[in-house]
Structure formats: C-alpha cells, structure tokens
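Following: one structure in structure tokens, then a few remarks.
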Amino acid sequence: MALLPILRFPDPRLKKIAIPVSRIDDTIRKLAADMGETMYEASGIGLAATQVDVHRRVVVIDVSEERNELRVFINPRLTCCEGLQSGEEGCLSVPGIYDKVERAERVAVDYLDLDSQPQSLLAEGLLAVCIQHEIDHLDGKVFVDRLSQLKQSRIRAKLTKQAKVTA
Ligand code: NI
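Here is the structure:
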C-alpha cells in the first residue's frame, strides 16, 4: 500500500468529473486500499478518488470510532434522499476550514463492492453526510461550493496564501 498526495482546494483538478469504473480489477482494488491508508493517515472519515487526482468513481469512508470499518463504494449513486440536517463539515482537501452545510438526513445509495457485487445501503446522520460529501467530490464539487460567495472567496484567499507560504 502507499500514501497518496491529496489535492488542496482551490486546485482546478478538484473540479473534474469522475468517470464510472467499468471493471473492478487489481488496479481499482489497489487504489481503494491506498485511499483507505491515505484517509486513515490524514485522520479523515472519507476520501474520494478525485482528491488523489484519480478521476474514477471510487470512495472510501470510515465513520466508526474505532477506525476499523472501512467502506468502499464503487460507482455510488444516491437513489433517494429525505429530511434535512445541518452540521459542520471539513475536508482533507480544505485543511483547517469548517463550516455548516445543509444535507439530506437520510439517503439510499446503490454501489458496487470490491467483488463487483451490486449493493444498496440506507444511511443517516454522519454516514449520510459523508456519502453526500464524497459523491459531491466525484461530481467536481467541494463543500466550499455550497457556502456563500463571500465565504468562498475568503477561503480561497486564505488557502492560496497558505500554499505560497508552504511551497
Ligand atoms: Ni472532502
């Protein structure tokens, strides 16, 4: 396994729309394993392939306290959403920034597992938020895009400045 570099907002590659995985082979299995390792190393609860500059529809999530329930979603697709919740979100691609985002309270998601089997999952609360956040990444969106224009430009300015200092 290997740690993968994570793209930082406002990197334009975060806007790319990921394409579906047509065949789940060793390359995809290695990608998922590396993404899991990268997510745990960065203390995140979710990571989309877009964030490691691979534009395929692959997401890893672990919202468990013990950090031992890795979930891999290939070609995830929301099939229903209901209710509304609003909570603070952060993102490994937007370090140090947290803000409130409105999301559906409950979602249903169809996806393939690593054995190419179709799966369906009903999720609520934090897991539902995380699934919506990661599918947004596959569609080229970060949570910052869901904030006001004023907040977006402040965040963009702050992170661009940070990148210059650390470069
Ligand atoms: Ni994110």
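Throughout, this note's numbering is defined as the position within the sequence shown, counted from one, plus 31.
Don't be surprised by glycine CBs; every beta carbon is placed ideally from N, CA and C.
Beta-carbon proximity list for residue i, same chain, < 7 Å, skipping 5 on both sides
i: Phe40; result: Ser124, Val125, Val173, Val175, Leu190
i: Leu34; result: Glu68, Thr69, Glu72
i: Glu136; result: Glu113, Gly114, Leu115, Gln116, Glu155, Ala159
i: His168; result: Ala79, Thr81, Gln82
heavy atom of ligand 3 below 7 Å from residue i C-beta
i: Leu123; result: Ligand 3 is not part of this structure, which contains only ligand 1.
Option nearest residue i by Cα separation, candidates the options
i: Thr110; options: Asp65, Arg102, Ser147, Ile166; result: Ile166
i: Leu143; options: Thr81, Asp65, Ala188, Asp56; result: Asp56
i: Val94; options: Arg185, Ser74, Ile48; result: Ser74
i: Ile37; options: Asp84, Pro149, Arg60; result: Asp84
i: Ala63; options: Ala79, Ser53, Pro43, Arg54; result: Ala79
i: Lys61; options: Val90, Glu97, Val140; result: Val90
Residue burial classification, residue i (beta-carbon count within 10 angstroms, cutoff 16)
i: Asp146; result: exposed
i: Asn99; result: exposed
i: Ala194; result: exposed
i: Ala188; result: exposed
i: Ile105; result: buried
i: Val103; result: buried
i: Met32; result: exposed
i: Ile186; result: buried
i: Gln180; result: exposed
i: Ile128; result: buried
Spatial neighbours of residue i in its chain, beta-carbon cut-off 6 Å, leaving aside the 5 residues before and after
i: Val132; result: Glu120, Phe174, Arg177
i: Ser232; result: Because the chain in this structure spans residues 32 to 198, residue 232 falls outside the shown range and cannot be described.
i: Gly77; result: Ile92, Cys161, Glu165
i: Lys46; result: Gly171
i: Leu157; result: Val94
i: Ser117; result: Lys131, Glu133
i: Arg44; result: Leu38, Asp84
Own chain residues within Cβ distance below 8 Å of residue i, not counting five before or after
i: Pro51; result: Arg87, Arg88, Asn106
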